[in-house]
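For the sequence shown, the working numbering assigns the number 1 to the initial residue and increments by one for each residue that follows.
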Amino acid sequence: MRTCLRLAAVLVLALTVPALAQPVRPRLVVVIAVDQMRGDYVVRYQHQWSGGLKRLVTEGAWFRQADYPYFSTVTCAGHASIATGAPPAVHGMVQNQWVDPGGTRLTRCTDDAGKPLVPYGRPIEGLGQSADRLATTTYADELRLQAPAAPRVVSISLKARSAITLGGHHPDAVIWQDEDTGEWTTSSAFATTPAPFFADYIAAHDIRREVGRTWQRALPADHYLYGVSSIPPRGVSERNRTFPHTVEGRADGLDKVFTDSWEASPFSDAYLAGLAAAALDGLKLGRGPGTDYLAVSFSALDKVGHDFGPESHEVQDVLVRLDRELATLLDKLDTDVGRGRYVLALSADHGVSPVPEHIKARGYDGGRISQPALAGAIDAALAAAIGPMTGRTIVNNADIYLPAGAYQTLSANPEAMARVLHVVRDTPGVMRAYTRDEIAAGAGSPDRMRRAAALSQFPGRSGDLFMMPKAYWTTSVDTTSHGTAHRYDTHVPVILFGAGITPGQYMQPVSPLDIAPTVAFLTGVLLPDATGRVLTEALAR
């Protein structure tokens, strides 16, 4: 009788607890990162959308409470976290740039002098790039290692740090735009020659033709929220401070003036979408024997957001136009790969702060922390506390790098350390400051900010001291920026769409670190170092 009761209980449990279905393995995984897209943009601006963004929100699984769990919310860290399912404390990409041990200058997260650039146009003398500093594998890497059939892996962005981190260590094709020359390039870490399908697209769509192109609003002006700010944006040419905007540069060749102007326009997103379509056609992505991978990081929103701020008509218009580009891309995926035969994840690498001057104009506390001034004040405090030092302090967002040997000397002299920390904490706009040892000890702290700082720390790359700005204070000289654990920086969209996904709105707390584990589960891949979770609540049952 007891055995019969146990069998009956098991049968009842099986009938009442839904089991995950066994969906057809996706032919293609698509990861879309929209650089600097705040999570509340979806709520605030989606009434302006009618295409791809709208379709993802309404037909996909939209996680409305998605936040990064770490502090250093910057591009390199965010893209690496999406790709690996791990925080900077694991993957090592703590900032866009950092000071190497014993160094005296900042080095970019993907710099690699041993891996020269392989340009699609004229030769480039810039420093080589690779994923060698990425301390773990990405989902794309593990797909290549574990899948029964070899995948085709492609990653595309304007920025090397975005394309490389999403593509991982061994993509089939990765491409970005050199920030100094404007030339499209890859590096010898990934290929010895340009990919022919990218080369053909670039030849047929010469971006030099974009010089002088005018960017007008895509919708009538009264369809946009907020008015035009009376506070001029920083670092924007006089004639480009309001609509219409003009792509600046020389008609006879690419230069940094053109690159800065064109990248800060929706035309650059359209070009990236064109490169993605070229890769889908050139490699027949999603039409092979296994699962392929395509990553695209759309960068225009970040460039525009830094220049004009989150409430600007420019930010809204970039999203309106991206909505249209994604509609075309989704239609192509439906036709070429098959509706329901691919899975797509959309997120962002970070959010963005309101413009500090806008906050102050409304009567609230906000402002700017000068990194050079703070570094100088720390050097003066060091000289007074422990004597002259070799080298100078470097302040890089939240990380403060002391001159060689200074941290060890201060650690042996608590009074001197307290005097230096006091200088940091007494700086207007600074909320808190810690030593790197205090941050490491705070990994299990009940304080969210300290836990977030610990997840951003990686030995040999993070600063000796860690500074937390107050809300609405920035260390940037741009109109506005990001890089803190305040929610305007950590809160981003997470949307899953397609094969194996149950549409709906989900209110559970999640993170972009959950994307890689979820698509890994859908494709039968195990991620060795991921700390994110599988978003089982959105999987088909």
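For glycine and all other residues, C-beta sits at the position ideal for the given N, C-alpha and C.
When we look at the beta-carbon of residue i and count the other beta-carbons within 10 Å, is it buried (16 or more) or exposed?
i: Arg144; result: buried
i: Pro403; result: buried
i: Gly524; result: exposed
i: Gly504; result: exposed
i: Ser237; result: exposed
i: Met1; result: The pLDDT assigned to Met1 is 37, lower than 50, so where the model puts this residue is not dependable, and the model offers no usable value.
i: Asp35; result: buried
i: Asp292; result: buried
i: Met467; result: buried
i: Leu225; result: exposed
i: Gln22; result: With a pLDDT of 49 at Gln22, under the threshold of 50, the predicted position of this residue should be treated as unreliable, though the coordinate-derived value follows. Gln22 comes out exposed.
i: Gly114; result: exposed
i: Ala150; result: exposed
i: Ala540; result: exposed
i: Tyr120; result: buried
i: Glu183; result: buried
i: Val477; result: exposed
i: Arg133; result: buried
i: His422; result: exposed
i: Gln408; result: exposed
i: Arg450; result: buried
According to DSSP, residue i sits in a beta bridge with which residue or residues?
i: His245; result: Trp215
i: Trp473; result: Gly367
i: Arg44; result: Bridge partners of Arg44: none, in fact.
i: Thr185; result: Pro119, Trp176
i: Thr84; result: Thr84 pairs with nothing; no bridge assigned.
i: Gln457; result: Its beta-bridge partners do not exist; DSSP assigns none.
i: Gly504; result: Ala61
i: Thr153; result: Note on identity: in this sequence residue 153 is Val, with Thr being the wrong assignment. BP columns for Val153 point to Tyr293.
i: Gly498; result: Val343
i: His313; result: DSSP lists no partner for His313.
i: Phe298; result: Val34
i: Asp399; result: Asn396, Phe466
i: Asp111; result: Gln129
i: Tyr434; result: Phe466
i: Gln95; result: None; Gln95 has no bridge partner.
i: Asp67; result: His491
i: Val29; result: Tyr293, Val343
i: Leu106; result: Val99
For residue i versus residue j, is the C-beta distance shorter than 8 angstroms?
i: Thr185; j: Ile231; result: no
i: Pro509; j: Val534; result: no
i: Gly351; j: Gly39; result: yes
i: Ser188; j: Pro171; result: no
i: Ala454; j: Ala443; result: yes
i: Ile501; j: Ala440; result: no
i: Val519; j: Ala66; result: no
i: Arg161; j: Arg108; result: yes
i: Ala135; j: Ile164; result: no
i: Tyr45; j: Leu329; result: no
i: Val74; j: His358; result: no
i: Ala544; j: Ser72; result: Coverage of the chain is limited to positions 1 through 541, which leaves residue 544 absent and any answer about it impossible.
i: Asp349; j: Pro233; result: no
Alpha carbons only, please: which of the options is nearest the one belonging to residue i?
i: Ala322; options: Gly103, Leu285, Pro26, Val42; result: Looking at the sequence provided, one finds Leu at residue 322 rather than Ala. Here the closest residue by C-alpha is Val42.
i: His313; options: Glu210, Asp67, Pro244, Arg133; result: Pro244
i: Thr335; options: Phe71, Thr502, Arg287; result: Arg287
i: Glu142; options: Val423, Pro116, Ala83; result: Ala83
i: Ser268; options: Gly227, His205, Arg436, Pro220; result: His205
i: Arg324; options: Tyr271, His169, Asp379, Gly363; result: Tyr271
i: Phe190; options: Asp112, Ser229, Ala530, Trp215; result: Asp112
i: Gly429; options: Gly460, Trp473, Gly387, Arg448; result: Trp473
i: Thr193; options: Ala135, Gly227, Val174; result: Val174
i: Ser50; options: Leu326, Gly391, Thr484, Ala381; result: Leu326
i: His223; options: Gly405, Leu522, His47; result: His47
i: Leu166; options: Leu127, Gln97, Ile32; result: Ile32
i: Gly532; options: Thr58, Gln146, His91; result: His91
i: Ala77; options: Gln97, Arg64, Thr58; result: Gln97
i: Ala277; options: Gly227, Pro87, Val30; result: Val30
i: Phe63; options: Gly405, Ile394, Ile515; result: Ile515
i: Lys159; options: Gln129, Ile369, His169; result: Gln129
Measure how close the beta-carbons of residue i and residue j come, nearest whole angstrom, since I'm counting them as under 8 angstroms.
i: Tyr201; j: Leu254; result: Contact flag wrong, Cβ pair sits at about 16 angstroms.
i: Leu513; j: Ala345; result: Not really, about 12 angstroms apart at Cβ, beyond 8 angstroms.
i: Tyr70; j: Ala452; result: 5 angstroms
i: Ala499; j: Gly249; result: At roughly 42 angstroms, the Cβ-Cβ gap does not stay under 8 angstroms, so Ala499 and Gly249 are not in contact.
i: Asp317; j: Arg217; result: 5 angstroms
i: Thr259; j: Gln371; result: Their Cβ separation, rounded to whole angstroms, is 24 angstroms, which puts Thr259 and Gln371 out of contact at 8 angstroms.
i: Tyr506; j: Ala61; result: 6 angstroms
i: Ala279; j: Lys303; result: Actually they do not touch by this definition, with Cβ atoms about 23 angstroms apart.
i: Ser297; j: His491; result: Wrong, their Cβ atoms sit about 19 angstroms apart, outside the cutoff.
Check whether the Cβ of residue i sits closer than 7 angstroms to any heavy atom of the ligand MN, and report yes or no.
i: Ala86; result: Within the structure as shown, the ligand MN is missing, as the structure has no ligands at all.
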